[in-house]
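**Student:**
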Amino acid sequence: MASITSSVALSLALVATMAGQTYPPGTPDAYQGPPVGAVALHDGSTWVQPGAHWGSAVSDSPAATPADPRNDYPGYYADGCHAPRTATNVPAGCVYGDPSSAQTWMLVGSSKSGSYGDALISLAEREGAALRVATQSTNPFAPGSGSGAARAFNDAVLAEITRVGPEVVFLAASPSAAFSYDVGPVVERALAAGAGHVALLWDPGMADKPELNEAAEQVAEQDGRVSWVDVSDWVHPGGTDPAAIGGVTVAGAGSHLTATYALTLTNPLASELHEAGLVDGDPDVVMRVAGRDRYETAALLSTTNWGAHAGDLYVASGTDFPDALAAGALSGDRDRLLLTRPSRLPVVTATALAALVAPEYTRIVIAGGQLAVSGAVEVALGGHAPTVRLAGKDRYETAAVLARDALDGQQVDTVFLASGENYPDALAAASHAGPDDALLLTKPGTLPLATRAALTDLDARLVVLVGGTGAVSADVEDQVRGLGFTVERAAGVDRYETAAALFAHSGVDTGTVLVATGRDFPDALAAGQVGPVVLTRTTSLPIASRGIIRAIDPQTVTIVGGQSVVTGAVESQLQDVMAD
């Protein structure tokens, strides 16, 4: 492992022009990374504004994601929580995030407000807030105006604000009689009903009526209880109007954003809300990289510096850990790691390959035998670049073969020796292996012949045993010492302490720490190609992990994996640690 740069160095002298739009450095319509939307505009340093490289992330042509932009609606619609235009009452339930939380938010208004629903739900989960959704089709929040069902529904929303007493009411600056250049009365009614604060959300559909967004901004400037939340730069970077950003189509039905793109605005929204003092979490300090599954997460991590081609590109099974662990220890810098299903190459992996491969010097290294990565996958990989399969009779020999191949002729500094019977210790060690290091596997009670031979061939300066004597026994330690090596041990009482002990042992000084679940291997394995990994439980950050993050004092922490594996509660705890 070694750090991968998170932004692309670009000459500001280069300008590309397409369809009458002028872009900064980059090649519009050439974006080949995974579909990440606004995340592709991020330069690795701040969510306050897009990075200077944004021209490389935009396209004048729609993308393949989502498949049907005009019918790409927020996920909460499927829960029946976006009321139809005939409704006169707010749907029951419809509380997201932590429903029991004393920190309460409300989202009100029409589908213009609803466009931000999934992103705000994600933020509620992250912040541990309860988000009450009360939106209605074609009905902006304008209590006291209109007639029939629309008026009755808005009166019901106003009553719900009084009942809930939300700390923040979120509302898009959408057109209505009450919004005709004066949003003030609507805001006043929400505040009078019991809202602690009103956050007015920039409406992307008001290009022909900019005065509506301008009016909302002016109200916020005049009242400390109101904030203007403007993410327009992440939809119209540099004042342009791209059809797709980061491989995701921007515009959906009517003047709405696609739900897929709107969800990628979560961190820009969080940045605005943090600046306004409405959320605790600073997305520039604690970030998250998560795909829809382990394969997409690995693809996102491998293309962190998209546009820079890979040297050796390791492809390993996403369902079987031993071969993948050994390959993961060798990835980083110009060498990357992608995961595959045993019998089929995932589409997201193939997409990442297209972005990373330069056939003239990229070599695809398949880690493991046919059971781990089938011949069919090998054929598919061969369509991208020359391939080589490195495999032994078992996991121990495969790790040895991979290490010899990568480090042949080099002076090897450290060999990490971990149990091949379970993944946690080897997982943590793989992320600490630098360009002159390797990971080998051992049986708990005896040193396999293949591992013994590889140790002799590599002739490392140091061998670090990873884990306690239950994982790597004293007998194995004696056998390694008997080969003439200097031996040290990094261990704790559990996988979390062992991962922390590796940080202390290696003396890592890094600006970014990655945090991944210790209950499964794929996310932490893929994260290791970017930087050293701290392991966490799903719902709580272990004491040892907190301690090592405080000791390292990194500038940023990146969570790897979605809410199902690392919850918003852990994210909140990480924010607290970083604020100490």
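FYI, the numbering for the sequence shown is -22 to -1, 1 to 558, going by mature numbering (1 follows the signal peptide of the UniProt record, and there is no 0).
C-beta: ideal position from N, C-alpha, C; glycine also.
1. What is the DSSP secondary structure of residue 41, reduced to helix, strand or coil?
2. Can you tell which of 474, 260, 66, 526 has its C-alpha closest to the C-alpha of residue 247?
3. Between 425, 255, 76, 225, which lies nearest to residue 32 when the distance is taken from Cα to Cα?
4. Between 342, 227, 52, 265, which lies nearest to residue 23 when the distance is taken from Cα to Cα?
5. Going by beta carbon distance, what residues of the same chain come within less than 7 angstroms of residue 203, once the five residues before and after it are set aside?
6. Beta carbon of residue 441, beta carbon of residue 465: below 7 angstroms?
7. Applying the criterion that 16 or more other CB atoms from any shown protein chain within 10 Å of the CB defines a buried residue, is residue 245 buried or exposed?
8. Do three or more CB pairs link the stretch 393 to 407 to the stretch 416 to 431 at distances below 8 angstroms?
9. In this structure, how does DSSP classify residue 23 when only helix, strand and coil are distinguished?
10. Excluding the 5 residues flanking residue 540 on each side, which residues of the same chain have their C-beta closer than 6 angstroms to its C-beta?
11. Can you give me the start and stop residues for the alpha helix (DSSP H) that residue 145 sits inside?
12. So for residue 218, helix, strand or coil by DSSP?
13. Is residue 448 a contact residue of the ligand FMN, with contact defined as CB to any heavy atom under 6 angstroms?
14. For residue 209 versus residue 243, is the C-beta spacing smaller than 7 angstroms?
15. DSSP three-state label for residue 399, please.
16. Look at the alpha carbon of residue 603 and the alpha carbon of residue 512, and state the distance between them as a whole number of angstroms.
17. Report yes if the C-beta distance between residue 40 and residue 221 is below 7 angstroms; otherwise report no.
18. For residue 32, which residues does DSSP report across the bridge?
19. By Cβ distance below 7 angstroms, which residues in the same chain neighbour residue 62 in space, the five residues on each side in sequence not counted?
20. Taking only runs that begin and end inside the stretch 286 to 342, name each unbroken beta strand (DSSP E) of 3 or more residues, in chain order.
21. Can you check which of these residues, 390, 192, 271, 404, is closest to residue 506 by C-alpha distance?
22. Please report the distance separating the alpha-carbon of residue 82 from that of residue 122.
23. What does the alpha-carbon distance come out to for the pair residue 322 and residue 130?
24. Can you list, in chain order, the residues of its chain with a C-beta nearer than 6 angstroms to that of residue 183? Leave out the 5 residues immediately preceding and following it.
25. Would you mind giving the Cβ-Cβ distance between residue 554 and residue 272, rounded to the nearest angstrom? I have them listed as a contact below 8 angstroms.
26. Go ahead and pull the three-state DSSP assignment for residue 242.
27. Quick check on residue -1: does DSSP put it in helix, strand or coil?
28. Helix or strand or just coil, what does DSSP make of residue 483?
**Tutor:** Quick answer:
1. Residue state, collapsed to three classes: coil.
2. For the options 474, 260, 66, 526, the alpha carbon positioned closest to that of residue 247 is the one of 260.
3. Here the closest residue by C-alpha is 225.
4. For residue 23, the closest C-alpha among the options 342, 227, 52, 265 is that of 265.
5. The beta carbon of residue 203 sits closer than 7 angstroms to those of 169, 175, 176, all from its chain and outside the five residues before and after it, given in chain order.
6. Contact: yes.
7. It is buried - the Cβ of residue 245 has at least 16 other Cβ atoms within 10 Å.
8. In short, these stretches touch, since the Cβ pair count reaches three.
9. Residue 23 sits in coil when the DSSP states are folded into three classes, being neither helix nor strand.
10. So the qualifying residues of the chain are 268.
11. Neither: residue 145 is in no alpha helix (DSSP H) and is coded neither H nor E.
12. DSSP, read as helix, strand or coil, puts residue 218 in coil.
13. The model depicted lacks the ligand FMN and carries no ligand whatsoever.
14. Cβ atoms of residue 209 and residue 243: closer than 7 angstroms.
15. Under the three-state reduction of DSSP output, residue 399 falls in the coil class, being neither helix nor strand.
16. Nothing can be reported for residue 603: it is not among the residues displayed for the chain, which extend from -22 to 558.
17. Contact flag set, yes.
18. Under the DSSP definition of a beta bridge, residue 32 lacks any partner.
19. Counting only Cβ-Cβ distances below 7 angstroms, and skipping sequence neighbours, we find 115.
20. Here the runs fully enclosed are 290 to 295, 314 to 318.
21. Looking only at 390, 192, 271, 404, the smallest Cα-Cα distance to residue 506 is reached by 404.
22. Counting only the Cα atoms, residue 122 lies some 24 angstroms from residue 82.
23. When rounded, the distance between both Cα atoms is 54 angstroms.
24. Around residue 183: 233.
25. So it is not a contact: roughly 28 angstroms between Cβ atoms.
26. In the displayed model, residue 242 falls within coil according to three-state DSSP, outside both helix and strand.
27. Bear in mind that a pLDDT of 40 at residue -1, under 50, signals an unreliable position, so the number given afterwards is only what the model happens to contain. Strand.
28. Looking at residue 483 - three-state DSSP - the assignment turns out to be helix.
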